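Asker: Here the sequence shown stands for residues 438 to 996, numbered as in our numbering. All C-beta atoms in this analysis are idealised placements derived from N, C-alpha and C, irrespective of residue type, glycine included. Keep in mind it's a predicted model, so treat the numbers as computed, not measured.
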Amino acid sequence: MDICIDSNILIYAFNVQSQFNAKAEAVLEDLIRADGFAITDISLIEFYQIITNDKVVSDPISPDKSYEIIKNILLNKKIEVLETNIDILEVTFESAANHNVRKYEIYDHLIANLCKHNNIKKFITANDKDFKKYDFFDVINPFPGEENKGAEKKKYSKVIPLSVPSIQGNEWKYIKECLDTEWVSSAGKYVELFEDKICEFTGVQHAVACVNGTSALQLALQIAGVRPGDEVIVPTLTFIAPVNAVRYLNAEPVFMDADDYYNIDVDKVIKFLKEETELVNSKLMQDDRINKAPITINKKTGSRIAAVIPVHVFGNAVNLEKLMPICKDRNIKIIEDATESLGTFYTQGELKGKHTGTIGDIGCYSFNGNKIITTGGGGMIVTDNEEYAQKARYLTTQAKDDDVRYIHNEIGYNFRLTNIQAAMGVAQLEQLPEYLKIKNKNYQTYKKEIDKIPGLHLSASPGYADNNCWMYALQIDKSIYGKDREQLMDCLTENKIQTRPVWHLNHLQKPHRSCQNYQIEKASVLMEKTINIPCSVNLLESQIDTIVGYLGKSSKLKA
Ligand SMILES: Cc1ncc(COP(=O)(O)O)c(C=O)c1O
438 MDICIDSNIL
448 IYAFNVQSQF
458 NAKAEAVLED
468 LIRADGFAIT
478 DISLIEFYQI
488 ITNDKVVSDP
498 ISPDKSYEII
508 KNILLNKKIE
518 VLETNIDILE
528 VTFESAANHN
538 VRKYEIYDHL
548 IANLCKHNNI
558 KKFITANDKD
568 FKKYDFFDVI
578 NPFPGEENKG
588 AEKKKYSKVI
598 PLSVPSIQGN
608 EWKYIKECLD
618 TEWVSSAGKY
628 VELFEDKICE
638 FTGVQHAVAC
648 VNGTSALQLA
658 LQIAGVRPGD
668 EVIVPTLTFI
678 APVNAVRYLN
688 AEPVFMDADD
698 YYNIDVDKVI
708 KFLKEETELV
718 NSKLMQDDRI
728 NKAPITINKK
738 TGSRIAAVIP
748 VHVFGNAVNL
758 EKLMPICKDR
768 NIKIIEDATE
778 SLGTFYTQGE
788 LKGKHTGTIG
798 DIGCYSFNGN
808 KIITTGGGGM
818 IVTDNEEYAQ
828 KARYLTTQAK
838 DDDVRYIHNE
848 IGYNFRLTNI
858 QAAMGVAQLE
868 QLPEYLKIKN
878 KNYQTYKKEI
888 DKIPGLHLSA
898 SPGYADNNCW
908 MYALQIDKSI
918 YGKDREQLMD
928 CLTENKIQTR
938 PVWHLNHLQK
948 PHRSCQNYQI
958 EKASVLMEKT
968 INIPCSVNLL
978 ESQIDTIVGY
988 LGKSSKLKA
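1. Rounded C-beta distance between A810 and G862? I'm assuming under 8 Å.
2. Among residues of its own chain, excluding the 5 on either side of D439, which ones have a beta-carbon nearer than 7 Å to its beta-carbon?
3. Please indicate yes or no: does the CB of G900 lie closer than 8 Å to some heavy atom of ligand 1?
4. For E1083, count neighbouring Cβ atoms within 10 angstroms of its own Cβ and tell me buried if that reaches 16, exposed if not.
5. Does DSSP put S803 in a helix, in a strand, or in coil?
6. Looking at chain B, is there any beta carbon in it that lies within less than 9 Å of the beta carbon of D839?
7. Measuring straight from C-alpha to C-alpha, what distance separates A859 and Y611?
8. Taking V645 as the reference, which of L925, C972, N822 and D575 has the closest Cα?
9. Tell me the residue span of the beta strand (DSSP E) that contains Q912.
10. Does R470 come out as helix, strand or coil in the three-state DSSP assignment?
11. In whole angstroms, what is the alpha-carbon distance linking I516 and D472?
12. Assign K990 to buried or exposed, taking buried as 16 or more other Cβ atoms, counted over all protein chains shown, within 10 Å of its Cβ.
13. Got a sec? Which residues, its chain only, sit under 7 Å from T784 by beta carbon, not counting five neighbours each side?
14. For F782, write down the residues that DSSP places opposite it in a beta bridge.
15. Hey, is S973 close to ligand 1, as in C-beta under 8 Å from one of its heavy atoms?
16. Roughly how many angstroms lie between the CA atoms of S896 and V985, to the nearest whole one?
17. Does the region 659-676 touch the region 932-950, meaning 3 or more C-beta pairs lie closer than 8 Å?
18. Out of curiosity, what's the CA-to-CA distance linking I448 and Q456?
19. CA-CA distance, L519 and D545?
20. If distances are taken between C-alpha atoms only, which option among D982, N700, D575 and N550 comes closest to V748?
21. Could you give the first and the last residue of the continuous beta strand (DSSP E) run that contains T930?
22. List the residues that DSSP assigns as beta-bridge partners of T834.
23. Give the range of the alpha helix (DSSP H) segment to which G892 is assigned.
24. Roughly how many angstroms separate the alpha carbons of Y627 and D617, rounded to a whole number?
25. Spatial neighbours of P731 within its chain, please: C-beta separation below 7 Å, excluding the five flanking residues on both sides.
26. Just the C-alpha distance for K590 and T521, rounded to the nearest angstrom, thanks.
27. Would a C-beta distance cut-off of 9 Å place I763 and I707 closer than the cut-off?
28. What is the residue span of the beta strand (DSSP E) that E517 lies within?
29. Got a sec: does ligand 3 put a non-hydrogen atom nearer than 8 Å to the Cβ of K789?
30. Considering just the uninterrupted stretch of the beta strand (DSSP E) at A644, what are its terminal residues?
31. My guess is that F852 and S652 are in contact by the Cβ rule of under 8 Å, so how many angstroms apart are they, rounded?
32. Any heavy atom of ligand 1 within a distance shorter than 8 Å of the CB on G794?
33. For E758, which residues from the same chain have a beta carbon less than 7 Å from its beta carbon, with the 5 sequence-adjacent residues on both sides left out?
34. Tell me which residues share the same chain as Y880 and place their Cβ nearer than 7 Å to its Cβ, disregarding the 5 neighbours each side in the sequence.
35. Could you check whether the Cβ of K705 sits closer than 8 Å to any heavy atom belonging to ligand 1?
36. When the distance is taken between beta carbons, is V745 closer than 9 Å to I411?
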């Protein structure tokens, strides 16, 4: 190890308010990715001293969090801690006396001497002027030409993002392996490995990797037998993707209301099916495409209801135990949109222990950049039905019936995930258990503080499941809080906190306005009063404090 960093690089890298934060993070990442770096024990003490001090940094880190950071440094095999001992101290004080070193300069002198003793060739610091006098190493300032205006100035502070990936595990290593071995496209060991690992994690029998969650939903519907002119029951309160997937197949969505957890209102789905549809023997229908099994017909439109898409919104498990019996009786397929809920599993009832996505006929996950784990873009079709899995594999790879002679008996798609993305997926999945713990802990921290603020409430999760806490939904009661969601969002944006309104309802979107919707009430209320607040895995405790602080203050602040 011949590169050593100064404490200021570490301070900037962990002080989110620092103007140099992103750059310092990048410096550390580059060094780790290469051969690693050294740091002196005294620099770690300096780091702790500064980062925990609210008079020096505007967003200090708590002692336990600082300890956690330092512990990770001590355990990191790519970071060498240069230790002071009696010999070094003796040499340092002797040379300090010879060089007339005074006051705080003694720290720099000790660090420089430790580096000399350990044959350090390059010293990286923002404070190059104090180290230039030592000629036994090269002094590098990663922020050349930038006047150090004080890392803590608020006007340079970074936005706290809504949901960004955390790439701290084996992502570089596995992706590098793909590049080194030149297995970059859809062939290569990681695609299958990723599928196997998803099966292992969720307990499902088959997993087929796909380019994204939307294409996974499209294929899942197709494989489950949804045909042009069929109808599919979907929630109005969700991201648009499952609705689009229905439309890609020239089928029609029927929009349903939301329950208290932002999920499809299962009671209303049941009521709709009982009151608005009838089960008919398909032998009586002219179209006998579904093997004469009885089918459910929408009385209003005369169309077949082929499937329902319960979306586990924000990671909250839909009450599938309640929904499943009627779907079974009515020959309606369940395509679970579990794109937001990887890691959520039921803790009660008949589904106890089962992961969302693995219960319906087919389930879909997404590994989009904002999801709990990401491959940049990616998705997975999961099912216990081997025939469905084979079909998914066939259709995602251009429906090749003979891959030597290029015979295609069906219209397929180029929907297979690449090896590079899957390599990232494997690395991310390794970290998922830890992510789930962090998401839950952050949710509890937020909830405890937010629920104390009059007029604000952090939405609860259903008690019958262990939910992945992917996205946090903040509910605003304007009559008490004094601001509506737009005003609160403006206020948070002003203070560099990224938020998002919950999606505009799908039955109101232009392409779908003419489709049927059923007794939509609660979804509209939830939409009006909800915003999503930062939820990234690498969200710092101090950032949660900042956000909660603004939430508390902003009812009184001008938007
Ligand atoms: C509920 C829901 N369904 C489907 C998708 C689509 O996934 P992808 O972006 O991977 O296509 C997303 C998110 O992106 C989603 O939130």
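Answerer: In brief:
1. Note that residue 810 is Ile in the sequence shown, not Ala. Yes, they are in contact, since the Cβ atoms of I810 and G862 sit about 7 Å apart, within 8 Å.
2. N556, I557, K558 and K559
3. no
4. Since the first residue shown for the chain is 438 and the last is 996, residue 1083 is missing from the structure and cannot be characterised.
5. strand
6. The chain inventory of the structure shown lacks chain B, comprising one protein chain alone.
7. 9 Å
8. N822
9. Y909 to I913
10. helix
11. 9 Å
12. exposed
13. Y901, A902 and D903
14. H792 and D903
15. no
16. 15 Å
17. yes
18. 11 Å
19. 14 Å
20. N700
21. Premise fails: T930 lies in the alpha helix (DSSP H), R922 to E931, not in any beta strand (DSSP E).
22. N851
23. Here G892 belongs to no alpha helix (DSSP H), and DSSP marks it neither H nor E.
24. 14 Å
25. L716, V717, N718, S719 and N768
26. Low per-residue confidence applies at K590: pLDDT is 37, beneath 50, and the placement is therefore not dependable enough to give any value.
27. yes
28. I516 to L519
29. The model depicted lacks ligand 3 and carries ligand 1 instead.
30. H643 to C647
31. 5 Å
32. no
33. G786, E787 and L788
34. C906 and Y909
35. no
36. Absent from the structure is residue 411, since the part of the chain shown begins at 438 and ends at 996.
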